[in-house]
Every structure is written in C-alpha cells, then in structure tokens.
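Peer 1: This is the structure, below, for whatever I ask next.
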Amino acid sequence: MKKIIIGNWKLNLDHLEAIQLLQKINYSLPDNIEDKIEIILSPSFTSIRSLQTVISSDKLKIKLSSQNVSQFSSGAYTGEVSATQLKKLEIDYGIVGHSERRTLFNEIDLVINDKVNRLIENDIVPVFCFGERIEERKSGSYFNFIENQINEGLKGLRKDKVNKLVVAYEPIWAIGTGEVASLENIVEVLDFVKNIISKKPFFNEDNIKFIYGGSVSPDNAQEILNSKIIDGVLVGGASLDATKFVDIIKAVEL
Ligand code: PGA
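The working numbering numbers the first residue of the sequence shown as 139 and each following residue consecutively.
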C-alpha cells in the first residue's frame, strides 16, 4: 500500500509564506517520489486557494487537506467553512477530530461524526483522528476510550459511500511534546483499531489507511514509516520545516 505523509501546518503561515513553503518542499523532493508516496499538505483555510492555484498551474502532484470542516452544509453558521466550499478548491482530504479540536474547541464525537459525513458526501477523504490522553494511558483504560471514539466518530457510515478513509492514531500525550509513542504502543493500538473497523459494514481493506501522528521527526520516521502495519504519518511541527519534512518523506524505504 502506498504510504501517505500529511503535513499539518496548524495555525501557522499566511498564504504567501504557505506558497513559499510548498515551493521549498516541492523543490527538495526526490524526482517522481509523489508517484510512490502520497504527499499531502494541510494549511489554514486562508492558504488553500493559493496553494491549489500553484499546484494546478505547476502540475504538482502534492495534494491538499483542510484542517477542519463545518458539520453543516450551508446556512446561518457564522465563521464556518463547508465541505462543498472545500471541494470547489479541489482538496482531496479533510482532517476531522484532531485532538486540538476536541480539547480546545470542545468538539464531541457527535459533531465529529457529522463532519465525517459532510466530507464523505463531498468526496473528500476524511482523516479521522483519535487517541487517548495521558490519564487513560496511565490508568490502562485507553482501549475503552479509543473504542468509543471509533464507534461514535465513524457511526453509521455506509460501504457504498466510503470510498476511502484515513484513520490516524494521535495519542494526545505525544502531540507537540517531543515524546513519540513507541513502535509497540502504535502497533498495539492500530491492531486493536483495525480489528474494530474490520467488523464495520463500511470496511474495505484496500481503501482504509491506518497512520500515526505525534512528534514525528526525521529521527523516528524511519522506524515508524517502515513498519508494515503503519500506512503513513501525520506530521505537525516538523512539517513547517521543508528540510525536516522532506527528510521524513525520504525515510520511506521504497
Ligand atoms: P506534532 O503534531 O507532530 O507537532 O506532534 C502532530 C499533530 O498534531 O498531528
């Protein structure tokens, strides 16, 4: 399966800086690597149109993701951005349920489930994030916690509608902390989640990718990316540095 590497730029860079970083990353990529590895950038909403213009005019094979999407399709929802609006910008992916949305903006499973559905209706691949806090990790209750996030967040999805899905394990204690989960931690949770998802009506072995995010850097990327059961990574901090991000991409053994 083709590995995917997503750079989540979070609340950083204006649209001009975003174009510069895209160009820097593109310039540093080994020739035709995008045919072997799917490379996705997730900028702020305000940069998506600018990056899309560069990507289409320069015929780049880098893809775009949003960092969030409204649970609503249209209407009186001040400040929201819909999946339909995003689809017009030719994005392929949309991150939903990121822990920063869950914890800082009180997004609950029900809302996340709506967002997943809005993306699917618009043919945008959801990058569904889940993961436990340090409390659940320490108390050993993380399996229950994760199972609930998966069951609620992906509730009601139908096989004929879910063309592709990315499921990202993002333990909160590893995000932006420099503390990366061990390969054993990641494999244990992804195995557990694959088992839950394999019993869902929408399950399709070829179209669901299971990835990891949390302090991924050039130092740990090789071990993570070359594990057979991990299909890719979601990179935060290190994706803002073109050299580090490209080094992570280069860590994939082709
Ligand atoms: P980080 O962020 O790589 O900075 O830990 C990961 C994420 O939030 O997806």
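All C-beta atoms, glycine included, are put in the ideal place defined by N, C-alpha and C.
Do you know offhand how far valine 327's Cα is from valine 254's?
Peer 2: 21 Å
Peer 1: Apart from the five residues just before and just after arginine 275, which ones in its own chain have a Cβ nearer than 8 Å to its Cβ?
Peer 2: Pro309, Trp311
Peer 1: In whole angstroms, give me the CA-to-CA distance for isoleucine 349 and leucine 372.
Peer 2: 7 Å
Peer 1: If we ignore side chains and look at the alpha-carbon of each, how far apart do cysteine 267 and glycine 351 end up?
Peer 2: 9 Å
Peer 1: May I ask you to report which of helix, strand or coil DSSP gives isoleucine 306?
Peer 2: The sequence given here has alanine at residue 306, not isoleucine. In the structure shown, alanine 306 sits in a strand (DSSP, three-state: E or B).
Peer 1: Is alanine 376 near the ligand PGA, judged by its Cβ being under 7 Å from some heavy atom?
Peer 2: yes
Peer 1: Is it buried or exposed for glutamate 245, if we count other Cβ within 10 angstroms and need 16 for buried?
Peer 2: Burial check for glutamate 245: the Cβ neighbour count within 10 Å reaches 16 or more, so the residue is buried.
Peer 1: For serine 180 and isoleucine 233, what's the separation of their Cα atoms in angstroms?
Peer 2: A straight-line Cα-Cα distance of about 8 Å links serine 180 and isoleucine 233.
Peer 1: For valine 265, write down the residues that DSSP places opposite it in a beta bridge.
Peer 2: Ile233, Val304
Peer 1: For serine 208, tell me which candidate among Lys199, Ala214, Glu238, Glu218 has the shortest Cα-Cα distance.
Peer 2: Glu218
Peer 1: With a threshold of 16 other CB atoms inside 10 Å of the CB of glutamine 287, please say whether the residue is buried or exposed.
Peer 2: Result: buried.
Peer 1: Taking the beta strand (DSSP E) that valine 373 falls in, what are its first and last residues?
Peer 2: 370-373
Peer 1: With distance defined between alpha-carbon atoms, name the residue in His236, Asp344, Lys174 nearest to isoleucine 313.
Peer 2: His236
Peer 1: Could you give the uninterrupted runs of the beta strand (DSSP E) lying entirely in the stretch 151-207, keeping only those of 3 residues or more?
Peer 2: Fully enclosed beta strand (DSSP E) runs of 3 or longer: 175-180, 201-204.
Peer 1: In whole angstroms, give me the CA-to-CA distance for phenylalanine 243 and histidine 153.
Peer 2: 24 Å
Peer 1: Whose CA, out of Leu224, Asn146, Asp169, Leu202, lies closest to the CA of serine 212?
Peer 2: Leu224
Peer 1: Apart from the five residues just before and just after isoleucine 367, which ones in its own chain have a Cβ nearer than 6 Å to its Cβ?
Peer 2: So the qualifying residues of the chain are Val325, Leu328.
Peer 1: Under the DSSP definition of a beta bridge, which residues are partnered with isoleucine 346?
Peer 2: Partner residues in the beta bridge of isoleucine 346, as assigned by DSSP, are Leu303.
Peer 1: Compare the C-alpha of glutamine 190 against each of Ala306, Pro339, Gln161 and name the closest.
Peer 2: It is Gln161 whose Cα lies nearest to the Cα of glutamine 190.
Peer 1: Can you grab the Cα-Cα spacing for the pair phenylalanine 281 / isoleucine 193, in whole Å?
Peer 2: 40 Å
Peer 1: Just to confirm before moving on: does the CB-CB distance between valine 354 and valine 305 stay below 8 Å?
Peer 2: no
Peer 1: Please classify asparagine 282: does DSSP put it in a helix, a strand, or coil?
Peer 2: helix
Peer 1: Using a Cβ-Cβ cutoff of less than 8 Å, which residues in the same chain neighbour isoleucine 200 once the five nearest sequence positions on both sides are dropped?
Peer 2: Leu160, Ile163, Asn164, Glu172, Ile177, Ile178, Leu179, Ile193
Peer 1: Can you grab the Cα-Cα spacing for the pair glutamate 361 / alanine 214, in whole Å?
Peer 2: 47 Å
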